[in-house]
Structure formats: structure tokens, C-alpha cells
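In the working numbering, the protein residues as written are -15 to 127. A short worksheet on the structure shown next.
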Amino acid sequence: SAIASGAEAAIIPEISMEKDQLAELIDQGFRKSKSSSMVLVTESEITGGAMNLAERVKKQYPQYDVRVSILGHLQRGGSPTAQDRILASRMGIAAIQALLENQRNVMIGIRENEIDYVPFKRAIKKDREISPELLEVLEISSI
-15 SAIASGAEAA
-5 IIPEISMEKD
5 QLAELIDQGF
15 RKSKSSSMVL
25 VTESEITGGA
35 MNLAERVKKQ
45 YPQYDVRVSI
55 LGHLQRGGSP
65 TAQDRILASR
75 MGIAAIQALL
85 ENQRNVMIGI
95 RENEIDYVPF
105 KRAIKKDREI
115 SPELLEVLEI
125 SSI
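Here it is, written out as C-alpha cells:
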């Protein structure tokens, strides 16, 4: 998401970043005549979430105009694409079929363009790791 959105930095559990490092990244951008910076923040115990981080940054760096946009709110506010509608239809039908087949406690997903019924215990077992290559791309493409 950070790479796709063009964010200058990402505050994620996989990359350790302190407030001072974040401020330095943003300062570098302003020194290069950038008028704004976008920072992606994951919601986790480690990051404390975007709202919490924004409040801390506002207090310590009052010269910055800090705003928070919640991705989920933006996503729900737009019109669905054809691909969104097809995906929703496929997954909705799969959910009905799962109920009719007495499958319980499963998540409906798509794997290699096929419907996949994943038991909840496996689905929430652990987070998927981010590719080291993508982490390197993010680091190189930051401010």
C-alpha cells in the first residue's frame, strides 16, 4: 500500500522507525521543496495506530499540519468497480454454498483465482510477512 500510494514513509511493525526519524524524512522532503508528505501507518500494538501517532507528532512538531485519513473510510466511500462487483458476487455465492454444505468457521478467500475456504483458526494464525524485496523498494523510494 505504501509503494502503490507513493507514501514517503511507512510505519509498520516490520520496519522500526522513531518519531525523530520520521520527522527527519519529512524535513528532507521540505528541503527538496515538497509541500507535503504522506506516511502510511498500520494499526497495530507496535505503532499505536495513526491517530495516536498523529497526536504525538502534532505535539512535538507543531509546524506540521498533520491530517489522518483512514483507508477503510475512503474505500467504502467510492463506487465499486466491475472487478469489485465480480469479486463480491463470487465470494457471496461461495459463502452461501459453504452454509448449504454445512461448512462453519471458514473465511472465503481467493487463491490463484479460485475460491478458497480457509478455517478461521488458520486465517488468523499469523500475519503474512512482507517481502524483503518490497521493504527494500519502500526504503529506496522514500523521500
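Glycine included, each C-beta is placed from N, C-alpha and C at the ideal position.
Tell me, please, which residues DSSP counts as bridged to P103.
-> V90
Report all residues from its chain with a CB closer than 8 angstroms to the CB of R74; omit the five preceding and five following residues, and keep chain order.
-> I94 and I99
Spatial neighbours of I(-4) in its chain, beta-carbon cut-off 6 angstroms, leaving aside the 5 residues before and after | T26
Since R95 sits in a beta bridge, which residues does DSSP pair it with?
-> E98
Nearest-angstrom Cα distance between I127 and L119?
-> Reliability of the predicted coordinates at I127 is poor, the pLDDT of 48 falling under 50, and no value is obtained from them.
Is DSSP giving I80 helix, strand or coil here?
-> helix
Looking at the structure shown, is V25 part of a helix, part of a strand, or coil, going by DSSP?
-> strand
Kindly indicate which three-state DSSP category I127 falls into: helix, strand or coil?
-> Per-residue confidence for I127 stands at a pLDDT of 48, beneath the threshold of 50, marking its modelled position as unreliable; no derived number is given.
Starting from the C-beta of V52, find all residues in its chain whose C-beta is less than 8 angstroms away, skip the five residues before and the five after it, and write them out in chain order.
-> A34, M35 and A38
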